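Here's the structure, in structure tokens; my notes come after.
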Amino acid sequence: MHTAFFLLLGGALARFLLRHPGEARTPWIIALSVVLAALYVLGPALGPSLGAGSRTGLGARPTPRRLTWLALVVAVWMVLVVLAPSFAWCAVPLFYTGLRTLPARAALVLIAVLTVFVVGAQLRLAGNFDPNLLLAPPAVAAVATAVFVHMERQAERQRALIDDLRRTRRELAATERREGTLAERQRLSMEIHDTLAQSLSSQQMLLQAADRLWDADPERARAHVRTAESVTERGLVEARRFVHDLAPADLAGGGLDEALRTLAARESEAGLAVRFHAEGAPAPLPDRVESALLRIAQGALANVREHADATTAAITLTHLGDQVVLDIADNGRGFTPEPPREGGVRGHGLPAIRARTRQLGGTLTIESAPGEGTVLSVAIPLEAS
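All residue numbers for the sequence shown refer to the working numbering, where the first residue is 3 and numbers rise by one.
See the structure below:
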């Protein structure tokens, strides 16, 4: 529409100069054409046509500056049409400008006024009455308005469908998390019942039997104690296996370096490239340190995906002998770090990262500023672990 406006304006000016060279009104026509073009170009510089929080398109609430601009554009165009009727067809792009700027009723009134000027201009150019010139401009205005309204309705339906899709995906994700949590709880309860609970129950019965026989039959009592000791040993083995199964699965195939490298490759999706780099001589780390650092890296990358709007991120693991340092850096939008707050820990947020770091006696440092990305650094002293 912008291109069409300037083509129609240039064509009308060229037609006037070719057919009416040297007339007294020519300088005014040229000056008004330049003013109209300048005003039209000024429109995007005034910002969006809507007030804060308003929706776009037909039925919008324009700002006072935008209303003033549109009034000046229409007024200059009307003066041009009165002086030179050939400028009338610049009204078609102005139809869409009015539809995008004004509320529905005001836009229709403006289109009607523009159409009247177009009809009058065409009849002046023809020199005599022509029914086609009387009916064609209203028909063009009606078609232009109908097309715009149809496109706006289609866009509104599409926005509603997208919102529904996003809401459904969030609800589905929440449902899957709840179902996964319930399934894991059921699995853990069954595991505990079939292993640790049964073991403890057997120990209790054997020790009670030994207590009853301790004076009457010491040999059988000691046999019960030895059996209880054997049951306790098997229960301890099951408990250790249980704890091992609850450790992050990524750590099962190797050390922390390999787990972080796998995490970086898995998180490198469309729009976000994640790379991993290790420094220093790799050294075996306690299981709880490896598990906590892996969870911290996962939580930090989740924050990058959800909030940072970043295109690249880097995970760096540095072995310093007496401590291990994990850095996660991104080139996202950044933020102003706030002091730690007391309260609950949620998901992959900073409170969870602070809690894990504090449990290991480490320190958390966040360097960020709006528009300058973020660097999150966790240092864990190995002596404290």
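A virtual CB, placed ideally from N, CA and C, is assigned to each residue, including glycine. These numbers were taken from a predicted model, which means no experiment stands behind them.
Once DSSP output is grouped into helix, strand and coil, what is the label at residue i?
i: PRO95; result: helix
i: LEU362; result: coil
i: SER270; result: coil
i: GLU221; result: helix
i: THR170; result: helix
i: GLU340; result: coil
i: THR65; result: coil
i: HIS22; result: coil
i: PRO383; result: strand
i: ASP132; result: coil
i: MET207; result: helix
i: PRO286; result: coil
i: LEU104; result: coil
i: GLY12; result: helix
i: MET192; result: helix
i: GLY351; result: coil
i: ARG17; result: helix
i: GLY373; result: coil
i: MET3; result: coil
i: VAL120; result: helix
i: TRP216; result: coil
i: ALA114; result: helix
i: ALA175; result: helix
i: GLY182; result: helix
i: GLY257; result: coil
i: ALA86; result: coil
Could you name the residues that DSSP lists as bridge partners for residue i?
i: VAL276; result: ALA315
i: LEU378; result: ILE330, ILE368
i: THR320; result: GLU281, VAL327
Would you say residue i and residue j are within 8 angstroms of each other, going by their C-beta atoms?
i: ILE355; j: ALA302; result: yes
i: PRO139; j: VAL151; result: no
i: LEU72; j: THR103; result: yes
i: SER201; j: GLY237; result: yes
i: ALA371; j: THR318; result: no
i: SER35; j: LEU20; result: no
i: VAL326; j: VAL276; result: no
i: GLU385; j: ASP324; result: yes
i: VAL83; j: ALA33; result: no
i: ALA299; j: ILE330; result: yes
i: LEU11; j: ALA39; result: yes
i: THR177; j: ALA143; result: no
i: LEU125; j: LEU137; result: no
i: ARG168; j: LEU85; result: no
i: ALA316; j: VAL306; result: no
Give every residue of the same chain whose Cβ lies closer than 6 angstroms to the Cβ of residue i, excluding the five residues on either side of it in the sequence, and list them in chain order.
i: THR359; result: LEU366, VAL380
i: LEU127; result: PRO87
i: ALA212; result: ALA223, HIS226, VAL227
i: THR376; result: ASP332, GLY336, SER370
i: ARG348; result: Unreliable positioning characterises ARG348 in this predicted model, as indicated by a pLDDT of 42, which lies under 50. A coordinate reading is not provided.
i: ALA109; result: GLY100, LEU101
i: ASN130; result: none
i: VAL233; result: SER201, SER204, GLN205
i: HIS279; result: THR318
Please return the same chain residues whose Cβ sits closer than 7 angstroms to the Cβ of residue i, not counting the five positions on each side in sequence.
i: ALA283; result: HIS321
i: PHE7; result: TYR42, CYS92, PRO95
i: VAL37; result: VAL78
i: ASP311; result: GLY334, ARG335
So is residue i in contact with chain B if we call contact Cβ pairs under 8 angstroms?
i: ARG228; result: Absent here is chain B; the protein component of the structure consists of one chain.
Excluding five sequence neighbours on each side, which residues of the same chain lie with their C-beta closer than 8 angstroms to the C-beta of residue i?
i: ALA230; result: SER204, GLN205, LEU208, LEU209, ALA212
i: GLY373; result: ARG335, GLY336
i: ILE368; result: PRO339, LEU352, THR376, VAL377, LEU378, SER379
i: PRO286; result: GLY257
Is residue i near the ligand FAD, going by C-beta to nearest heavy atom under 7 angstroms?
i: LEU72; result: No copy of the ligand FAD appears in this structure; indeed no ligand is present at all.
(message) Does the region 232-246 come into contact with the region 269-279, if we say contact requires no fewer than three beta-carbon pairs (one atom in each stretch) closer than 8 angstroms?
(response) Flag = no, the region 232-246 and the region 269-279 do not touch.
(message) Is it the case that the region 89-98 contacts the region 113-121, given that we only count it when at least three CB pairs across the two stretches are under 8 angstroms?
(response) The region 113-121 is in contact with the region 89-98.
(request) Determine contact between the region 160-178 and the region 215-228, defined as no fewer than three beta-carbon pairs at a distance below 8 angstroms. (result) Between the region 160-178 and the region 215-228 there are fewer than three inter-stretch CB-CB distances shorter than 8 angstroms, so the stretches are not counted as touching.
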